[in-house]
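Chains as they are written, first to last, in this note's numbering: chain A, 33 to 288; chain B, 10 to 317.
Beta carbons: idealized from backbone N, C-alpha and C, even for Gly.
These numbers come from a predicted model, not from an experiment.
Single-structure report; data block below.
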Ligand SMILES: [Fe+2]
Ligand SMILES: [Fe+2]
C-alpha cells in the first residue's frame, strides 16, 4: 500500500514542482510589477506544496521498502530523470505569452482546488493535512487566474483573440487530469485517494461559467495528449530538468 | 509653510509630508533619488532571478523567489513614495526603459555561479542596508516610512546571503572556489554602491542639510568595510584587496583605491550587462502592453456597467 501511496503522492508533488519551476522563470519579467509579485507568489506556493508532497512521498517509499535509502524532497527533485516524473503534461507546457501562462494556470487551478478539496477527506492523515493547507492557496490561485481570464477574454479585441488561442493550446492537456488508472482506482477504493473522474463535472461547471462570463468559447475536445502520469513527457521537459537539476548533477553530494 | 518654516522644520527633525510646502530643488532631488532607488529594486530582480530555475535545493529556490519578490515589493513602495511628490509611476518607468533614468550600477554585473546569489545577498543587500538605515530618518515622511519596511526585509536578505556563502565555504573545494570567485567579483562593485568619494559628490552637502542624507559616502563605505571584513574572515574568504589592513590608530580598516573609471563606465552604460538589463525590462514591458490594455479596458467596462 505504501508503494501505491508513494506513487500517488509523487504525482501531486510533481504537478506542483513543475508548475512552480515554470512560474519561477517568469519572476522579473511580468507585464506589470504587481503581477510579477502575484505570479511569483503562486510559484512559491507551488514550490511549498511540492516540498510537502515530495517529502511525504520519500517517507512513504522508505516505509514500503526500508532497504532503499530515504529520498528527501531534493533527491526526488534533482536526481530523477524524465521517465520517473509523473506530473500531468499540462503543467509542463511552456510559459508562452501571458495568455498561455494564465490559461494553463486557470485550467490547472480548477482541477487543483477540486482534487485538494477531495483529498482533505483522505484516510491518510498526512495527505489530508497537506491537502487542507494547500487548498486554501489553490483557491486564491483560482481566484487570481479566473480574474485574468475575465480581463483578457472580455478586455480588448486583441486580448480576447489571444486568450481564446491560448485556451486552445492548453485544452488538449485537460483530459489527462481526469484519467483513471489502476493506481487511482486502488487509491479511491482504499479511501486515501481520489477518483479523478468524479471531479470532472464540477470542473466543467466551474470552467464553463468563467469562460461564458469572459465571452470565450470552450475549445473542442479534438485531441487529448496523455502520458505524463506514466513518465512519457513533452520535448521541452528534458531541457527543463537539465536546467533545474544542473548544480546537483554537476556537483553531486554537496550541501547548499 | 514657507522657506523659513521649512528650514526650521527640517532642522527640528520633523517630517515633511506631501501636502507641505517644499523647495522645488528638494522635491526634484527626492524624485530623482526615490525613483532611482525604485528602479534599482526592479532592475535588481534580474541578476538574481537568473538563478531561480537553477537553485540547488527547493529550500534555496523558495528563499530566492521570496527574496526577488520582496525586491519587487520594494520597487512598488518606492514608486508610491515618489508619486506623493506629484509624478506618475509610468512616466518614471518609461524614463528607465528609455535609458534616461539611472539605477544602481551594481546590477549591471552578471551572476555567473550560484555563490553570486550568496554574494549579492551578503554584500549588495548589506551595502544597501548601510545606505538605507539612515534614510529611515530622512526628512521626507513617505520616503522614511517606505525605508523602514524595506530595511526590515533587507536584513533578512543579508543574512540569507551570508548563509549561502557560509554553507559553500564549508563545502567541497569546488564550492569554496565558487564562493571566492563571487567574492572577487562583487567586492569592488559593492564598495562603489556608496557613490563617488566625498570630494567628488557635488549634491551631498545640500542633501545633508535637508536631512535626506545623514552620513557621507566615504563614511558609509568605511562602516561597510569595517563590518564586512571580519565576516569574510570568519568564513575563510579573502577580500580581493592587497592594501586592506587593520589600522590600530584609526580603529578602521585601510583599503585600496577604488577604480572610479570602472564605476563611471558602468554608469554610462558600459557595464557587462547594461544592455541585457534594459532589454529585459523593455521586453517585459512591451510584451505586457496588450495585457495592461486589456485590464484597463475591462475595468472601464465594469465601471461603466456599474454606473449605468
Ligand atoms: Fe530591496
Ligand atoms: Fe534586498
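* Can you round the beta-carbon distance between residue 146/A and residue 166/A to whole angstroms, since I take them to be within the 8 angstroms contact cut? -> Your numbering for residue 146/A matches position 114 in the first chain. Your numbering for residue 166/A matches position 134 in the first chain. With a Cβ gap of about 12 angstroms, residue 146/A and residue 166/A do not count as contacting.
* Asked: Under a criterion of Cβ closer than 5 angstroms to any non-hydrogen atom of ligand 2, which residues qualify, in chain order?
  -> 134/B, 163/B, 166/B
* Asked: Rounded to a whole number of angstroms, what is the C-alpha to C-alpha distance between residue 258/B and residue 154/B?
  -> Sequence index remark: in the second chain, residue 258/B carries index 249 (1-based). Sequence index remark: in the second chain, residue 154/B carries index 145 (1-based). Their Cα atoms are separated by approximately 38 angstroms.
* **Minimum Cβ-Cβ distance from residue 64/A to chain B less than 8 angstroms** => What you label residue 64/A is simply residue 32 of the first chain in a count that begins at 1. Yes, because at least one Cβ of chain B sits closer than 8 angstroms to the Cβ of residue 64/A.
* Asked: Under the criterion of a Cβ to heavy atom distance below 7 angstroms, does residue 176/A qualify as lining ligand 1?
  -> Residue numbering aside, residue 176/A sits at position 144 when the first chain is read from its first letter. Answer for residue 176/A: no, Cβ out of range of ligand 1.
* How would the residue list near ligand 1 read, in chain order, if you kept each one whose beta-carbon is closer than 5 angstroms to any heavy atom? -> 50/B, 80/B, 83/B
* **Closest by C-alpha distance to residue 48/B, when choosing among 19/B, 20/B, 100/B** => In the second chain, the residue the question calls residue 48/B occupies position 39. The residue with the shortest Cα to Cα distance from residue 48/B is 100/B.
* Is residue 58/B near residue 225/A, with beta carbons less than 8 angstroms apart? -> Stepping through the second chain from its first residue, residue 58/B is reached at position 49. Stepping through the first chain from its first residue, residue 225/A is reached at position 193. Contact flag unset, no.
* Where the segment 184-198 of chain A meets chain B: residues whose CB sits under 7 angstroms from a CB there -> 184, 186, 187, 188, 190, 191, 194
* Asked: Closer than 7 angstroms, Cβ to any Cβ of chain B: which residues of the segment 262-288 of chain A, in chain order?
  -> 275, 276, 278, 279, 280, 283, 286, 287, 288
* C-alpha distance - residue 140/B paired with residue 170/A, whole-angstrom precision -> On the second chain, position 131 is the one that residue 140/B refers to. On the first chain, position 138 is the one that residue 170/A refers to. Roughly 39 angstroms separates the two Cα atoms.
* **DSSP state of residue 83/B mapped onto helix, strand, coil** => By 1-based counting over the second chain, the position of residue 83/B is 74. Residue 83/B: helix per DSSP, three-state reduction.
* **7 angstroms Cβ cut-off: residues of chain B touching residue 138/A** => Numbered from 1 along the first chain, position 106 holds the residue referred to as residue 138/A. Simply none; closest approach about 14 angstroms.
* Do we get a CB-CB distance below 8 angstroms when we pair residue 299/B with the residues of chain A? -> The count along the second chain starts at 1 and reaches residue 299/B at position 290. Yes, because at least one Cβ of chain A sits closer than 8 angstroms to the Cβ of residue 299/B.
* Asked: How about residue 161/A: is its C-beta nearer than 8 angstroms to some C-beta of chain B?
  -> Your numbering for residue 161/A matches position 129 in the first chain. Chain B, which has no Cβ nearer than 8 angstroms to the Cβ of residue 161/A, makes this no.
* Close Cβ partners of residue 142/A (< 7 angstroms) along its chain, the five nearest in sequence each way excluded -> Locating residue 142/A in the first chain gives position 110, where the first residue counts as 1. So the qualifying residues of the chain are 174, 235, 238, 239.
* Span separating the alpha-carbon of residue 198/B from that of residue 38/A -> Here residue 198/B corresponds to residue number 189 of the second chain, with the count starting at 1. Here residue 38/A corresponds to residue number 6 of the first chain, with the count starting at 1. Taking the straight line joining both Cα atoms gives about 48 angstroms.
* Asked: If you run the structure through DSSP and keep just helix, strand and coil, what is residue 254/B?
  -> As a first step, residue 254/B must be located in the second chain, where it is residue number 245. Reduced to three states, the DSSP call for residue 254/B is strand.
* **8 angstroms Cβ cutoff met for residue 55/B and residue 274/B** => In the second chain, counting from the first residue as 1, residue 55/B sits at position 46. In the second chain, counting from the first residue as 1, residue 274/B sits at position 265. No, they are not a contact pair.
* Would you tell me roughly how many angstroms separate the C-alpha atoms of residue 170/B and residue 38/B, rounded to the nearest one? => Within the second chain, numbered from 1, the residue matching residue 170/B stands at position 161. Within the second chain, numbered from 1, the residue matching residue 38/B stands at position 29. So the two alpha carbons sit approximately 32 angstroms from each other.
* Select from the segment 66-85 of chain A all residues with a C-beta closer than 9 angstroms to any C-beta belonging to chain B, and list them in chain order. => 66, 67, 68, 69, 72, 73, 75, 76, 79, 80, 82, 83
* Which word fits residue 107/B, buried or exposed, when buried means at least 16 other C-beta atoms lie within 10 angstroms of its C-beta? -> Walking along the second chain from the start, residue 107/B turns up at place 98. Exposed, by the Cβ-count rule.
* Asked: For the putative contact between residue 81/B and residue 65/A, defined by C-beta atoms under 8 angstroms, what is the C-beta separation to the nearest angstrom?
  -> The residue you call residue 81/B lines up with position 72 of the second chain. The residue you call residue 65/A lines up with position 33 of the first chain. With a Cβ gap of about 5 angstroms, residue 81/B and residue 65/A count as contacting.
* Asked: By Cβ distance, which residues of its chain are closer than 8 angstroms to residue 294/B, with the 5 residues on each side in sequence left out?
  -> Walking along the second chain from the start, residue 294/B turns up at place 285. Counting only Cβ-Cβ distances below 8 angstroms, and skipping sequence neighbours, we find 102, 106.
* Three-state secondary structure assigned by DSSP to residue 162/A -> Looking up residue 162/A in the first chain gives position 130. Of the three classes helix, strand and coil, the one that applies to residue 162/A here is helix, per DSSP.
* Which partner residues of residue 102/B appear in the DSSP bridge assignment? -> Mapped onto the second chain, residue 102/B falls at position 93. According to DSSP, which records beta bridges pairwise, residue 102/B is partnered with nothing at all.
* Asked: Got a sec? Which residues, its chain only, sit under 6 angstroms from residue 133/A by beta carbon, not counting five neighbours each side?
  -> Taking the first residue of the first chain as 1, we reach residue 133/A at position 101. Contacts found: 127.
* **Separation of residue 114/B from residue 84/B, as counted between CA atoms** => Start at 1 with the first residue of the second chain, and residue 84/B comes out as number 75. Start at 1 with the first residue of the second chain, and residue 114/B comes out as number 105. About 16 angstroms.
* Asked: How close, in whole Å, do the beta carbons of residue 7/A and residue 40/A come, if the pair is a contact with beta carbons under 8 angstroms?
  -> Past the edges of chain A, shown from 33 to 288, lies residue 7/A, and the structure says nothing about it.
* Within the same chain, show all residues whose beta-carbon is closer than 6 angstroms to that of residue 251/A, passing over the 5 residues directly before and after it, in chain order. => Taking the first residue of the first chain as 1, we reach residue 251/A at position 219. Within the same chain, residue 251/A has close Cβ partners 199, 200, 203.
* Do the CB positions of residue 27/B and residue 151/B come within less than 8 angstroms of each other? -> For the purposes of this step, residue 27/B is identified with residue 18 of the second chain, where counting begins at 1. For the purposes of this step, residue 151/B is identified with residue 142 of the second chain, where counting begins at 1. Cβ atoms of residue 27/B and residue 151/B: closer than 8 angstroms.
* In chain B, which residues lie with their C-beta within 8 angstroms of the C-beta of residue 213/A? -> As a first step, residue 213/A must be located in the first chain, where it is residue number 181. Those do not exist, as residue 213/A stays about 27 angstroms from chain B at its closest Cβ, beyond 8 angstroms.
* Under a Cβ-count criterion, where at least 16 other Cβ atoms within 10 Å of its own Cβ denotes burial, should residue 305/B be classed as buried or exposed? -> Walking along the second chain from the start, residue 305/B turns up at place 296. Residue 305/B should be labelled exposed.
* Any residues in the segment 64-83 of chain B with a beta carbon nearer than 7 angstroms to a beta carbon of chain A? Which ones, in chain order? -> 65, 66, 67, 69, 70, 71, 74, 75, 77, 78, 81, 82
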